[in-house]
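Contents: one structure, followed by commentary.
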Amino acid sequence: MSRFRVEFYECLYARADALFELTDAVLCADGPVKTLVELSLALEHRRGHGALYAALDRGWAEP
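The structure is reproduced here in structure tokens:
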């Protein structure tokens, strides 16, 4: 699992840390995620809601 996490992180470019935390928040959520605000309140997402929106707006991953 740790190798997967390292390889996934290496695919992230702009806003990599925020996107990685966002991914953790989605994967650790209890059930389906209905709003972005819900993700910004998750323990795995240690940044504020502004970082979440910036990561989604300006972040990108290499396929």
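Counted the way full-length UniProt numbering counts, the sequence shown spans residues 1 to 63. Even glycine gets a Cβ: it sits at the ideal position worked out from N, Cα and C. Keep in mind that this is a model prediction, so the values were computed, not measured.
Counting only the same chain and skipping the five closest in sequence on each side, list residues whose C-beta sits under 8 Å from that of residue i.
i, result
"Ala-16", "Tyr-9 and Gly-59"
"Ala-54", "Arg-15 and Ala-18"
"Leu-52", "Ala-18, Leu-22, Leu-36, Leu-39, Ser-40 and His-45"
Under a three-way DSSP split, which group does residue i fall into?
i, result
"Ala-61", "strand"
"Leu-56", "helix"
"Leu-36", "helix"
The alpha helix (DSSP H) that contains residue i, what's its start and end?
i, result
"Tyr-27", "One point to set straight first is that residue 27 is Leu, not Tyr, in the sequence displayed. Where Leu-27 is concerned, the enclosing alpha helix (DSSP H) stretches over 16–28."
Could you compute how far the alpha carbon of residue i sits from the alpha carbon of residue j?
i, j, result
"Leu-12", "Leu-41", "22 Å"
"Glu-62", "Arg-3", "17 Å"
"Val-33", "Val-6", "24 Å"
CB-CB under 7 Å to residue i, same chain, minus the five flanking residues each way: which ones, in chain order?
i, result
"Glu-44", "Glu-21, Asp-24, Ala-25 and Cys-28"
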